[in-house]
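Asker: Residue numbers (the working numbering), protein chains in the order written: chain G, 1 to 340; chain E, 1 to 516. Using N, Cα and C, we set each Cβ at its ideal position, and we do this for glycine too. Given the structure is predicted, the values throughout are model-derived calculations rather than measurements.
1. Which class does residue 163 of chain G belong to by DSSP, given the choice of helix, strand or coil?
2. From the DSSP output, which residues share a beta bridge with residue 261 of chain G?
3. State yes or no: is the beta carbon of residue 251 of chain G nearer than 8 Å to at least one beta carbon in chain E?
4. Mind listing which residues of the segment 417-442 of chain E have their C-beta closer than 8 Å to chain G's C-betas, in chain order?
5. Starting from residue 212 of chain E, follow the beta strand (DSSP E) in both directions and report where the run begins and ends.
6. Suppose the cutoff is 7 Å on Cβ atoms and the five residues either side in sequence are ignored; what does the same chain contact list for residue 125 of chain G look like?
7. When the cut-off is 8 Å and only beta carbons count, does residue 115 of chain E lie next to chain B?
8. Distance check for residue 194 of chain E and residue 201 of chain E, CA to CA, integer angstroms please.
9. Alpha carbon to alpha carbon, what distance is there between residue 356 of chain E and residue 149 of chain E?
10. Where DSSP assigns a beta bridge to residue 226 of chain E, which residues make up the other side?
11. Less than 8 Å between C-beta atoms, sequence neighbours within five positions excluded: which residues of the same chain meet that for residue 216 of chain E?
12. Would you call the CB atoms of residue 325 of chain G and residue 279 of chain G closer than 8 Å?
13. Starting from residue 106 of chain E, find everything on chain G with Cβ-Cβ shorter than 7 Å and list it in chain order.
14. What's the C-alpha gap between residue 540 of chain E and residue 78 of chain E?
15. Which residue or residues does DSSP assign as beta-bridge partners of residue 34 of chain E?
16. Based on the DSSP secondary-structure assignment, which residues constitute the bridge partners of residue 14 of chain E?
17. Give a yes or no on whether the C-beta atoms belonging to residue 275 of chain E and residue 298 of chain E are separated by under 8 Å.
18. Would residue 334 of chain G count as contacting chain E if we go by Cβ distances under 8 Å?
19. Report yes or no: do three or more beta-carbon pairs, one from the segment 27-41 of chain G and one from the segment 214-231 of chain G, lie closer than 8 Å?
20. Which residues, in chain order, does the segment 267-291 of chain G contribute to contact with chain E at a C-beta distance below 7 Å?
21. Return the CA-CA distance between residue 311 of chain E and residue 286 of chain E, expressed in angstroms with no decimal places.
22. From the DSSP secondary-structure annotation, give me the bridge partner or partners of residue 114 of chain E.
23. Does the CB of residue 28 of chain G have a neighbour CB from chain E at under 8 Å?
24. Which same chain residues, not among the five before or five after residue 176 of chain G, have their C-beta less than 6 Å away from its C-beta?
25. I'd like the list of long-range same chain contacts for residue 52 of chain E, defined as Cβ closer than 8 Å, with 5 residues on each side in sequence excluded.
26. Give the straight-line distance between the Cα atoms of residue 314 of chain E and residue 305 of chain E, rounded to the nearest whole angstrom.
27. By the criterion of Cβ-Cβ separation under 8 Å, what are the contact partners of residue 90 of chain E in chain G?
28. Answer yes or no: does any C-beta atom of chain G fall closer than 8 Å to that of residue 15 of chain E?
29. Looking at chain G, is there any beta carbon in it that lies within less than 8 Å of the beta carbon of residue 94 of chain E?
30. Whose Cβ in chain G lies nearer than 8 Å to the Cβ of residue 75 of chain E?
31. Can you name, in chain order, every residue of its own chain whose Cβ lies under 7 Å from the Cβ of residue 40 of chain G, other than the five neighbours on each side?
32. For residue 334 of chain E, write down the residues that DSSP places opposite it in a beta bridge.
33. Would you mind telling me which residues of chain E sit closer than 9 Å to residue 217 of chain G, beta carbon to beta carbon, in chain order?
34. Along chain G, which residues have their Cβ under 8 Å away from the Cβ of residue 467 of chain E?
35. Chain G partners of residue 54 of chain E, CB-CB under 8 Å?
36. Flag residue 149 of chain E as yes if its beta-carbon sits less than 8 Å from any beta-carbon of chain G, otherwise no.
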């Protein structure tokens with residue numbers, strides 16, 4: 001009987017998951033703290049209210065993109081189109097509001113739907129037509145980039161930015177400060193609230209809903225999920241649509257931040273977003289990842305960029321350093337797994 | 001007792017190039033354990049996958065509880081009360097036990113898309129309690145042993161209130177004690193009136209657990225017999241279509257005293273602890289032990305696949321520096337993994353390509369171009385000498401049966417001039433007919449002067465094949481037995497050495513300080 005009990009007791013296993021999960025959260029968060037302390041010591045201008053608010057603001061757009069990509073990567077997929085889909089969403093929002101003079105909320109809705117539609121198309125191409133995610137979203141990346149150029153060309157006869165000159169309120173979405181209105185010496189722009197709000201929604205979706213559960217299940221073992229009677233194709237499509245929705249939100253945000261839609265912008269944003277997700281401990285092989293991790297990952301990237309700029313490191317070197325950090329983060333993760 | 005629960009008749013199923021099922025049939029009663037057996041490729045799994053909605057049938061009828069049913073997908077099968085536990089475990093390693101058991105049917109809160117985790121865990125706990133499993137529903141599956149995962153799969157199947165439970169080789173990865181636990185649960189289910197289909201290659205086991213046995217061959221139905229009445233020899237002859245006699249333990253003449261491989265004091269974390277052994281020329285050295293005893297880890301370390309913390313390896317008396325599988329191959333050591341599809345073969349390539357894969361340089365001409373005449377000859381040579389059953393050397397390896405895949409791997413290492421072969425579970429998932437062929441082949445190899453390390457969890461296999469047996473437990477060698485001394489009981493005693501010691505010493509603390 002003793003042997004039987006031995007085979008079915010799970011105590012040692014529990015201990016090891018506790019160790020790994022705790023370690024993962026500590027790792028990224030610890031890195032963020034180390035970076036903060038380092039820059040604070042290196043420069044007196046780093047740890048000031050304005051600069052910290054600047055970092056928060058700079059994280060907003062990339063952070064929201066990264067939130068969407070987190071879901072996709074947890075399914076063991078990838079989305080290369082988030083950057084240019086963001087630009088396309090910014091463009092449709094700008095056209096809705098500045099050209100067609102739709103009310104601002106409706107314009108925002110157009111932007112969100114643009115992102116979601118692009119994501120849903122990704123999903124259908126991947127889940128139904130069985131095109132690998134890398135290829136499918138690479139295609140969408142080019143399509144969205146092209147459309148963002150085609151739209152102003154069709155309307156104005158030339159490729160040019162679309163400005164929100166008649167709608168000054170639109171810029172307030174990002175740069176206004178609800179917090180500042182309540183607490184005058186804490187002028188945190190709304191952009192930061194939007195980021196944290198979106199993160200809360202994302203965390204809720206991932207941890208508490210059927211959608212989140214199947215996202216993880218698909219990434220963990222897609223075939224087993226299918227054999228459990230779950231319609232994997234539908235849920236996968238939904239995951240990419242949700243990823244697109246977050247890109248749409250980022251599009252509205254960047255349009256508001258720049259007070260315009262810039263047709264040439266967006267390429268390269270997807271890589272920053274993926275980097276944030278990976279630094280945050282989400283596994284590219286699927287099945288695991290957290291929203292908190294992604295948020296921390298996004299903050300690590302913008303803190304680095306900010307700190308290096310304050311120290312006068314030229315931008316070209318900032319790229320090099322961020323690249324090294326991405327590789328280091330993943331390597332540390334591999335070491336951690338091996339140690340287990 | 002004998003209410004017929006299910007009848008499958010004239011089932012046909014073809015895959016591109018293969019007729020997998022040809023007028024197959026099967027009958028299952030409520031409250032019986034019905035074994036379904038046959039050689040690999042006989043169509044057992046395919047027939048059951050048709051029943052479980054994984055494959056759709058090309059023709060035939062399924063009559064379930066007196067009515068003809070159509071089962072287009074797994075969901076419909078589950079709704080009908082038909083669950084299948086697949087050969088490859090189908091759990092999501094990153095999810096918890098409870099999340100796995102109820103995946104697709106999670107209890108929801110008031111709002112429909114929100115999960116009710118508390119309810120989920122409570123339901124799972126109740127389910128485990130009813131099976132008398134002491135498991136925490138909140139444990140992640142990745143942290144469980146294969147045996148425990150198997151139990152979770154069964155729990156999952158039961159949670160559908162299944163009337164039919166199909167198990168595809170449930171004991172392939174289990175130890176004796178774990179198999180007992182599984183049988184206890186199977187007997188309880190049978191008493192509750194569940195019809196159980198049990199696919200396995202272990203014939204001794206089938207006699208123990210099943211009421212009736214149906215044999216299939218080449219996608220066709222051969223016959224159904226009462227398990228108690230039919231002798232094993234008769235089952236085997238039904239499977240292979242001819243009478244072959246289970247030969248008595250065949251340990252050929254004693255090997256020479258020349259040591260070809262020696263490991264001294266190997267250590268790696270707490271998975272390999274102070275392991276030393278010697279392998280003689282022409283010898284089969286068996287490695288026995290329970291799952292997780294560290295046998296595969298030792299093999300991988302010797303082969304250079306995993307790094308060692310300390311220890312030395314000598315090949316032909318000279319110290320060998322093996323840091324990478326490449327080095328091992330250079331020293332003439334080959335490793336044949338238990339997971340052939342993942343580590344042993346490029347399954348998408350053809351037989352010829354796989355056979356020459358590990359020794360590609362040998363086939364390069366002057367300009368670095370592959371000499372395809374030579375590779376073809378070599379491929380043909382091994383297909384003939386190893387009796388690999390394949391339509392041609394151009395056949396893709398993934399279309400071959402398990403036994404023939406294993407032979408391709410052997411051919412590959414022979415091409416690479418390997419003289420030490422490490423076999424990790426050489427007959428896992430291989431049917432009886434092919435098994436005795438593999439055994440024969442191993443003996444033939446040793447007669448040609450090759451030396452073999454054979455890791456196996458099947459004691460009869462270890463006893464039948466080995467000249468000497470090393471027994472491991474928790475990373476240590478706990479015993480060494482000669483073929484003459486070895487019995488199942490002795491091996492099991494050594495394989496559970498730690499517990500015995502702990503009982504003797506009355507120690508309950510750190511098992512790491514126990515010494516043999």
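Answerer: Here's the rundown:
1. Of the three classes helix, strand and coil, the one that applies to residue 163 of chain G here is strand, per DSSP.
2. DSSP, once it has assigned bridges, lists G:162 as partnering residue 261 of chain G.
3. Chain E contact via Cβ: absent.
4. Correct list: empty, as no residue qualifies.
5. Per DSSP, the continuous beta strand (DSSP E) segment holding residue 212 of chain E begins and ends at 212-217.
6. Same-chain partners within the cutoff: 131 and 136.
7. Among the chains of the structure shown, chain B does not appear; the protein chains present are G and E.
8. When the Cα atoms are used, residue 201 of chain E and residue 194 of chain E turn out to be separated by approximately 22 Å.
9. Near 37 Å, if we compare the C-alpha coordinates of residue 356 of chain E and residue 149 of chain E.
10. Answer is E:212.
11. Answer for residue 216 of chain E: 24, 36, 37, 38, 42, 43, 44, 47 and 222, listed in chain order.
12. By the CB criterion at 8 Å, residue 325 of chain G and residue 279 of chain G fall inside the cutoff.
13. Going along chain G in sequence order, the residues near residue 106 of chain E (Cβ under 7 Å) are 210 and 213.
14. Since the first residue shown for chain E is 1 and the last is 516, residue 540 of chain E is missing from the structure and cannot be characterised.
15. According to DSSP, which records beta bridges pairwise, residue 34 of chain E is partnered with E:197 and E:212.
16. Partner(s): E:19.
17. Contact: yes.
18. For residue 334 of chain G, the answer is no, since every Cβ of chain E falls outside 8 Å of its Cβ.
19. Fewer than three beta-carbon pairs drawn from the segment 27-41 of chain G and the segment 214-231 of chain G are found closer than 8 Å, and the two stretches are therefore not classed as touching.
20. Residues of the segment 267-291 of chain G whose Cβ lies closer than 7 Å to any Cβ of chain E, in chain order: 287 and 288.
21. So the alpha carbons of these two residues sit roughly 21 Å apart.
22. G:209.
23. No Cβ of chain E is located within less than 8 Å of the beta carbon of residue 28 of chain G.
24. For residue 176 of chain G, same chain residues with a beta-carbon under 6 Å away, outside a window of 5 residues either side, are 190 in chain order.
25. In its chain, beyond the 5 residues on either side, 71, 74, 77, 82, 83, 84 and 166 have a beta carbon closer than 8 Å to the beta carbon of residue 52 of chain E.
26. C-alpha separation (whole angstroms): 17 Å.
27. Neighbours of residue 90 of chain E on chain G, chain order: 221, 223, 224, 227 and 228.
28. Between residue 15 of chain E and chain G, the shortest Cβ-Cβ separation is not below 8 Å.
29. Residue 94 of chain E counts as touching chain G.
30. What residue 75 of chain E touches in chain G: 229.
31. Within the same chain, residue 40 of chain G has close Cβ partners 46 and 47.
32. Residue 334 of chain E has E:421 as its beta-bridge partners, per DSSP.
33. Within 9 Å of the CB of residue 217 of chain G, the CB atoms of chain E belong to 92, 94, 95, 99, 100, 103 and 104, in sequence order along the chain.
34. Simply none; closest approach about 29 Å.
35. Simply 227.
36. Residue 149 of chain E does not count as touching chain G.
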